[in-house]
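Asks: Residue numbers (numbering that gives the first Met the number 0): 0 to 282.
Positions of the beta carbon are idealized from the N, C-alpha and C atoms, including for glycine.
In this text the structure is predicted, and so the values were computed from the model without any measurement.
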Amino acid sequence: MVAKEPAEIAQAAVATGVKKAQLRWDKTLVGSFLAGAYIAFGALVAIVVSAGLDPATWGTLPTLFTGAAFTLGLVLVVIAGSHLVTGNMLLVPIGAMNGRLSVGDVARNLTLTLLGNLLGAMFVAYFLAVSTGVVGDTGSDAGAPAGMAYERLAGIAEAKALHESEWQVFLRGVGCNWLVCLGVWLALAADNVSGKILGIFFPIMAFVAMGFDHVVANMFFLPAAIWAGVPGIGWPDVLNNWLFAFLGNLVGAVVFVATSYWYLFLKDEDVTGVPRQRAREEA
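Now the structure itself:
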């Protein structure tokens, strides 16, 4: 398997971020809608494959199954091509750090991708999860597939919306996007589909298995729970979770991945990738 060296990954990340930031607004929105839908598909299949597994029998294995299934979402985002705000929190800021984008470019891109992701995730939640009956509702037979999926969705949504403090959501958001962006980083290292999928799999599986908070995944889980009739969850709970998950995701991406790897591999180079000291000597 052909793989880039870390310094080459950093250059690829900058080039990818610049390309995403300079894309026309309508293409960014359409690609972001697709990415939100892809993450929602990953979340939906994760619910279905882990539903009905009693922790008394299975222990923590359901979280492993959930994480493994959820990787579908980022695989579709990266391989099929779309725009995910949590990945762009790495790719676009590192382009700005390298001097090729402005702060305005970063803000514009993250705003458009966040909006598109929200629309895509909620579309799948309403039409393909709840309206289809895949996740059931309060009246579903507890022993039927839809009833088991409803219970699994309710458990995930209640934990995120009702049982995590704002500080916990923020910290879980940090851990989540540190790992998500490492998945994106590893995917950039590979030049073939199988390598990209392998690079994505373990970081994404890990963050889901540990119960961290991904703002776009929560754009699926929490609205789906409300529309499926899970009691006790209201839109103020949802918006509060999204806010702190977004902030944690942003810190995880910008501080722990973008800034760290910019400092390690790009800080001492100019925008062309030439070491600054050598550029001065050649000038």
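Please confirm if the segment 101-113 is in contact with the segment 192-204, defined as three or more CB-CB distances below 8 Å between the two stretches.
Replies: In short, these stretches do not touch, since the Cβ pair count stays below three.
Asks: Determine the direct distance from the alpha carbon of L63 to that of G27, and round the result to whole angstroms.
Replies: Numbered from 1 along the sequence shown, position 28 holds the residue referred to as residue 27. Numbered from 1 along the sequence shown, position 64 holds the residue referred to as residue 63. In the sequence under discussion, the amino acid at residue 27 is Thr, which differs from the Gly named in the question. Approximately 33 Å, taken between the alpha carbons.
Asks: So if DSSP puts A2 in a beta bridge, which residue, or which two residues, is it bridged to?
Replies: Indexing the sequence shown from 1 puts residue 2 at position 3. Beta-bridge pairing links A2 to A189.
Asks: Hey, would you say A223 sits closer than 8 Å to A128, going by beta carbons?
Replies: Reading the sequence shown from its first residue, position 224 is the one you call residue 223. Reading the sequence shown from its first residue, position 129 is the one you call residue 128. Yes.
Asks: When DSSP labels each residue in this structure, what does R99 get in the three-state scheme?
Replies: On the sequence shown, residue 99 is found 100 positions in, with the first residue counted as 1. Three-state result, R99: coil.
Asks: Helix, strand or coil, according to DSSP, for R23 in the structure here?
Replies: By one-based count along the sequence shown, residue 23 stands at place 24. Here R23 sits in coil by DSSP.
Asks: Candidates A205, M218, L109: which alpha carbon is nearest L152's?
Replies: What you label residue 152 is simply residue 153 of the sequence shown in a count that begins at 1. For L152, the nearest C-alpha among the options comes from M218.
Asks: What are the boundary residues of the alpha helix (DSSP H) that includes G142?
Replies: Within the sequence shown, the letter at position 143 stands for residue 142. Premise fails: G142 is in no alpha helix (DSSP H) and is neither H nor E.
Asks: In terms of residue numbering, what span does the alpha helix (DSSP H) encompassing I78 cover?
Replies: One-based indexing of the sequence shown puts residue 78 at position 79. Where I78 is concerned, there is no enclosing alpha helix (DSSP H), given that its DSSP letter is neither H nor E.
Asks: Quick check: the Cα distance between E280 and D267, rounded to an integer number of angstroms?
Replies: Translated into positions along the sequence shown, residue 280 becomes position 281. Translated into positions along the sequence shown, residue 267 becomes position 268. No answer about E280 holds up, because its pLDDT of 46 lies below 50 and its placement is not dependable.
Asks: Measure the C-alpha to C-alpha separation of G132 and P144 and round it to an integer number of angstroms.
Replies: By one-based count along the sequence shown, residue 132 stands at place 133. By one-based count along the sequence shown, residue 144 stands at place 145. Rounded to whole angstroms, G132 to P144 spans 10 Å at the Cα level.
Asks: Taking the continuous alpha helix (DSSP H) assigned at M218, which residues delimit it?
Replies: By 1-based counting over the sequence shown, the position of residue 218 is 219. Residues 214-226.
Asks: Compare the beta carbon distance of L89 and V168 with 8 Å and say whether it is the shorter of the two.
Replies: For the purposes of this step, residue 89 is identified with residue 90 of the sequence shown, where counting begins at 1. For the purposes of this step, residue 168 is identified with residue 169 of the sequence shown, where counting begins at 1. No. Outside cutoff.
Asks: I'd like the list of long-range same chain contacts for V207, defined as Cβ closer than 6 Å, with 5 residues on each side in sequence excluded.
Replies: Here residue 207 is taken as the residue at index 208 of the sequence shown, counted from 1. Excluding sequence neighbours, V207 sits near T65, G66, F69.
Asks: Let's test the definition: count the other Cβ atoms within 10 Å of the Cβ of D212 and tell me whether it reaches 16, buried, or not, exposed.
Replies: As a position in the sequence shown, residue 212 is number 213, starting the count at 1. By the neighbour-count rule (16 or more Cβ atoms within 10 Å), D212 is buried.
Asks: Closest by CA to N248, which one among S259, T56, C175, A186?
Replies: Within the sequence shown, the letter at position 249 stands for residue 248. Of the candidates S259, T56, C175, A186, the one whose C-alpha sits nearest the C-alpha of N248 is C175.
Asks: Three or more C-beta pairs under 8 Å: does that hold for the segment 43-51 against the segment 14-23?
Replies: With the cut-off at 8 Å, the segment 43-51 and the segment 14-23 do not touch.
Asks: In three-state terms, what does DSSP make of A50?
Replies: Within the sequence shown, numbered from 1, the residue matching residue 50 stands at position 51. The answer is coil: DSSP assigns A50 none of H, G, I, E or B.
Asks: Quick check: the Cα distance between D136 and S130, rounded to an integer number of angstroms?
Replies: Here residue 136 refers to the residue found at position 137 of the sequence shown. Here residue 130 refers to the residue found at position 131 of the sequence shown. Taking the straight line joining both Cα atoms gives about 10 Å.
Asks: Since D236 is in the alpha helix (DSSP H), which residue starts that stretch and which ends it?
Replies: If you number the sequence shown from 1, residue 236 lands on position 237. Note, D236: alpha helix (DSSP H), 234-252.
Asks: So, at 8 Å on beta carbons, what are the nonlocal neighbours of L170 in its own chain, with the 5 sequence-adjacent residues on each side left out?
Replies: Locating residue 170 in the sequence shown gives position 171, where the first residue counts as 1. The answer, listed in chain order, is G247.
Asks: Could you check what DSSP says for E165 in three-state terms: helix, strand or coil?
Replies: Here residue 165 is taken as the residue at index 166 of the sequence shown, counted from 1. Here E165 sits in helix by DSSP.
Asks: For F40, which of L52, P54, L73 has the nearest alpha-carbon?
Replies: On the sequence shown, position 41 is the one that residue 40 refers to. Looking at the Cα atoms, L73 is the closest of the given residues.
Asks: If you draw a straight line from the alpha carbon of F285 to that of N191, how long is it in whole angstroms?
Replies: The chain is shown from 0 up to 282; residue 285 falls before or after that span and cannot be answered.
Asks: Would you tell me roughly how many angstroms separate the C-alpha atoms of S49 and L109, rounded to the nearest one?
Replies: If you number the sequence shown from 1, residue 49 lands on position 50. If you number the sequence shown from 1, residue 109 lands on position 110. Spanning the two alpha carbons is a distance of roughly 32 Å.
Asks: Alpha carbon to alpha carbon, what distance is there between A34 and L22?
Replies: Your numbering for residue 22 matches position 23 in the sequence shown. Your numbering for residue 34 matches position 35 in the sequence shown. Distance between the alpha carbons of L22 and A34: 15 Å.
Asks: Take G361 and list the residues in its own chain whose beta-carbon comes closer than 7 Å to its own, dropping the five residues that flank it on each side.
Replies: Lying outside 0 to 282, the shown extent of the chain, residue 361 is not represented and no answer is given.
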